[in-house]
Amino acid sequence: MRRLRYAGWLAVAAVVLAGAMALSVSVGEADLPWSLALDLRLPRTALAAVSGALFGVGGALIQSVTRNALASPDVIGVTQGAGLAAVIAVTAGLPYAFVAPTALAGGLLAAAVAFLLGARSGFTANRFVLGGVAIAFALRAGIEVTLTTADAIDAQRAQIWLLGSVNGLGWAEATPLAITLVVALPLLAMAAWALRTSALDDDTARGLGARPVGVRAGVGALGVVMAALATATVGAVDFVALVAPQTAQRIARTERPPIALAAVIGAALVVVADLVARRVLAPTQLPVGVVTAAIGGPFLIFLLLRARRA
Amino acid sequence: MGRRIGLLLGAAALLVLAVAASLAIGARPIPLGDVLSALFHPDGSETAVIVHDLRIPRTVVGLAVGPALAVAGLVMQALTRNPLAEPRILGISAGASTGVVLAIAVFGIGTLAGWIWFALLGALAAGAIVFTLGLRLGTGASSPITLALTGAAVDACLGAVIYTLLSTSTRTFDQFRFWAVGSLSGRGLDLVVQAAPILLLGLVSAIAAARGLDGLALGDEVAVGLGHRIALVRTSAAIAAVTLTGAAVALAGPIAFVGLAVPHAARALSARLKTGTSHALLLPLSALMGGVLVLVADTVGRVIAPPGEVPAGVLTALVGAPLLIALTRRNRLVAA
């Protein structure tokens with residue numbers, strides 16, 4: 001029964017995603033013949049979808065491991081770490097090809113520092129989150145410092161990247177992300193299984209032959225890599241990694257964020273946000289992250305209020 | 311009692327030194343004697359012009375902004391019983407920034423003097439949201455996180471608004487990004503005069519709330535038992551926090567972490583010297599130390615990377631960020 005309901009929601013979300021993608025391809029500044037619209041708008045729409053899926057999965061994994069909805073990459077500094085690295089790369093005049101790898105390294109480094117802060121004298125999710133929040137603020141300060149010292153054009157380019165944008169991107173950026181997603185599928189299936197076992201208390205899990213601590217570390221690292229990879233490619237698209245898994249968990253009424261549903265919801269969220277971002281002030285195209293921040297901020301407050309009541 | 315006065319006198323002496331340094335040190339160093347003679351005999355010489363037109367205004371701005379931010383942080387930390395509370399972290403600075411961007415982008419106002427009221431309104435709106443949420447979210451095991459996250463959420467929403475407004479013009483963006491990092495340069499004395507009544511209101515509210523905040527630190531019930539009117543204390547403290555932040559941000563931009571770092575430093579210093587934690591002491595001490603921090607940051611920023619200048623906000627961020635991390639590593643903070 002439970003599986004049936006989950007499959008049902010997954011189907012509904014997939015239909016929503018397909019509809020959003022179709023709309024995203026057909027709506028734009030000009031009325032284009034369908035074939036031309038496909039050529040021009042599908043790459044960007046596809047990139048929005050895959051990056052959204054990666055954000056969703058990454059967030060779901062991190063939230064599962066920490067058992068904390070708030071330990072999302074935006075909150076614990078992964079996004080800001082990637083952002084600072086990317087801003088330094090952009091303003092230092094590095095070729096565009098170097099920006100994404102630099103950003104990836106920055107995001108992973110920030111996660112490692114947050115983890116180390118959390119690991120001291122016994123790892124707790126709270127300490128991890130708080131350390132991450134501190135790192136996030138510190139990195140934000142670093143980003144602003146870099147932005148003021150750069151020249152105006154570089155700074156504005158970096159700013160757009162910071163807010164997350166799929167403008168002018170396409171297949172070249174979408175393909176590595178899609179490959180990552182496909183390659184990671186078996187790992188994800190294993191992760192889902194391992195997380196189910198580790199939901200038991202640690203001693204029982206060990207008795208069954210599982211290694212709960214190793215599992216959590218591995219799954220958490222996988223989540224961080226996926227979220228950081230998406231951030232490195234499309235920039236800091238805010239809150240998707242927080243909102244998508246939480247929404248999935250709520251509608252499927254599961255105990256942990258369900259991975260596949262989080263992926264589809266994340267994808268749909270970014271596609272819709274991008275559509276809104278390029279139409280709301282047309283012809284000015286807003287970065288997609290502006291729209292997700294506007295949705296995600298209130299959602300975070302809603303989560304906090306709910307957590308308080310519970 | 312004598313120790314407390316000694317502590318305050320020491321801090322005041324430091325502030326005097328910081329003022330002297332701020333007047334004497336810069337792209338062109340001026341001996342203190344020449345500064346003094348130029349101060350009292352504005353003879354139109356180059357030295358006199360530099361001192362009067364450049365260094366005195368930015369020193370006065372620093373003297374207004376540093377204490378305002380430090381006192382705002384102190385009051386917020388007591389009000390929310392949260393060691394992470396700070397204008398920036400609570401999203402109140404972002405509110406003030408939003409007001410300024412609205413002024414630039416929508417109303418076409420290009421002067422700092424015109425931005426003050428918008429900054430104040432923005433701070434007021436954001437403060438109302440965060441404190442209302444903060445009260446509903448209340449205190450508890452996760453309260454430092456909850457509050458920081460509430461601020462982050464408000465910050466994100468306001469960031470979206472700011473960017474949307476900025477996205478249409480590179481010129482507006484350029485104007486804004488220099489303001490947004492926090493700096494004392496290029497602000498005239500007239501601006502300080504304009505902000506003075508607001509700062510004064512904030513300061514008076516903070517002083518009025520000081521004793522009540524001592525009571526609140528012991529818990530609501532104890533505070534009531536001691537005869538404090540909690541609602542009045544909270545309102546007064548909130549007014550102080552918002553007006554001081556709004557005016558300071560309007561004057562110098564959202565200078566980071568002063569409101570976080572200074573009250574903690576003041577508390578640590580006072581604990582070390584065994585002079586207690588009463589707000590009657592912490593308030594003037596924070597104000598003095600806030601002035602010192604901002605003036606020193608500004609002065610160092612003038613000479614650290616010649617021929618350019620590093621804005622004060624950058625240096626305070628560099629000091630404040632590690633402090634924030636250090637604070638979160640303390641055990642009592644997670645248990646608070």
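As they're listed, the protein sequences go chains A and B.
Quick note on our numbering: the first sequence kicks off at 1 and runs consecutively.
Quick note on our numbering: the second sequence kicks off at 311 and runs consecutively.
All C-beta atoms in this analysis are idealised placements derived from N, C-alpha and C, irrespective of residue type, glycine included.
query, result
"Beta-carbon spacing of V568/B, L318/B below 9 Å", "no"
"Three CB pairs or more closer than 8 Å across the stretch 146-161 of chain A and the stretch 267-283 of chain A", "no"
"Neighbour-count burial assignment, E531/B, 16 or more Cβ in a 10 Å radius", "exposed"
"Three CB pairs or more closer than 8 Å across the stretch 400-418 of chain B and the stretch 544-563 of chain B", "yes"
"Nearest-angstrom Cα separation, counted from V629/B out to L431/B", "29 Å"
"First through last residue of the alpha helix (DSSP H) which encompasses A538/B", "One point to set straight first is that residue 538/B is His, not Ala, in the sequence displayed. It is not in any alpha helix (DSSP H) - H538/B carries neither H nor E in the DSSP assignment."
"Min CB distance T284/A to chain B below 9 Å", "yes"
"Proximity of A236/A and D74/A at Cβ, strictly below 9 Å", "yes"
"C-beta contact flag for V225/A and A194/A at 9 Å", "no"
"Alpha-carbon spacing of V644/B relative to L528/B, whole angstroms", "For V644/B, the pLDDT reaches just 38, beneath the cut-off of 50, and the residue's location in the model is therefore unreliable, leaving the point undetermined."
"Residue from V16/A, L38/A and S26/A with nearest C-alpha to G170/A", "L38/A"
"Chain-ordered neighbours of D484/B on chain A, where CB pairs are closer than 9 Å", "A152, A155 and Q156"
"When A331/B, V411/B and A337/B are compared against P617/B, the one with the closest alpha-carbon", "A337/B"
"Where H351/B sits in the DSSP three-state scheme", "coil"
"Cutoff 6 Å; reference G266/A; Cβ partners in own chain excluding five residues on either side", "G52, A53, F55, G56, V240 and A244"
"Alpha-carbon spacing of S327/A relative to L468/B, whole angstroms", "Any question about residue 327/A goes unanswered here, given that chain A covers just 1 to 310."
"Cβ-based contacts, 7 Å cut-off: residues of the stretch 554-565 of chain B near chain A", "none"
"Option in A636/B, L554/B, A322/B and W427/B with minimal Cα separation from L511/B", "L554/B"
"Within-9 Å CB hit, T609/B to chain A", "no"
"Beta-carbon proximity check, F428/B vs A413/B, cutoff 9 Å", "yes"
"Burial state of I179/A, where buried means 16 or more other Cβ atoms lie within 10 Å", "exposed"
"Beta carbon of V543/B nearer than 9 Å to that of A533/B", "yes"
"Inter-residue spacing [alpha-carbon to alpha-carbon] between I426/B and L509/B", "12 Å"
"Inter-residue spacing [alpha-carbon to alpha-carbon] between G450/B and L130/A", "At G450/B, the pLDDT of 46 sits below 50, so the modelled position is not reliable and the matter cannot be decided from this model."
"Contacts that T480/B makes with chain A (C-beta to C-beta distance below 9 Å)", "A152, I153 and Q156"
"Start-to-end residues for the alpha helix (DSSP H) that takes in Q80/A", "V78 to T91"
"Q285/A - DSSP class collapsed to helix/strand/coil", "coil"
"Contact under 9 Å by Cβ, E144/A with A328/B", "no"
"Residue burial classification, D608/B (beta-carbon count within 10 angstroms, cutoff 16)", "buried"
"Alpha helix (DSSP H) segment containing G600/B, residue limits", "H589 to V613"
"Cβ of A466/B within 9 Å of any chain A Cβ", "yes"
"Alpha carbon of L305/A to alpha carbon of S332/B, nearest angstrom", "47 Å"
"Cβ neighbours of V371/B in the same chain (closer than 7 Å, five flanking residues each side left out)", "L494, R497, V502, L561 and A562"
"Sequence-distant residues of its chain with Cβ nearer than 6 Å to D524/B (five each side left out)", "S588 and H589"
"Of the residues R67/A, V183/A and I88/A, the one placed nearest P258/A, counting alpha carbons only", "R67/A"
"Heavy atom of the ligand PLP within 8 Å of A30/A beta-carbon", "No copy of the ligand PLP appears in this structure; indeed no ligand is present at all."
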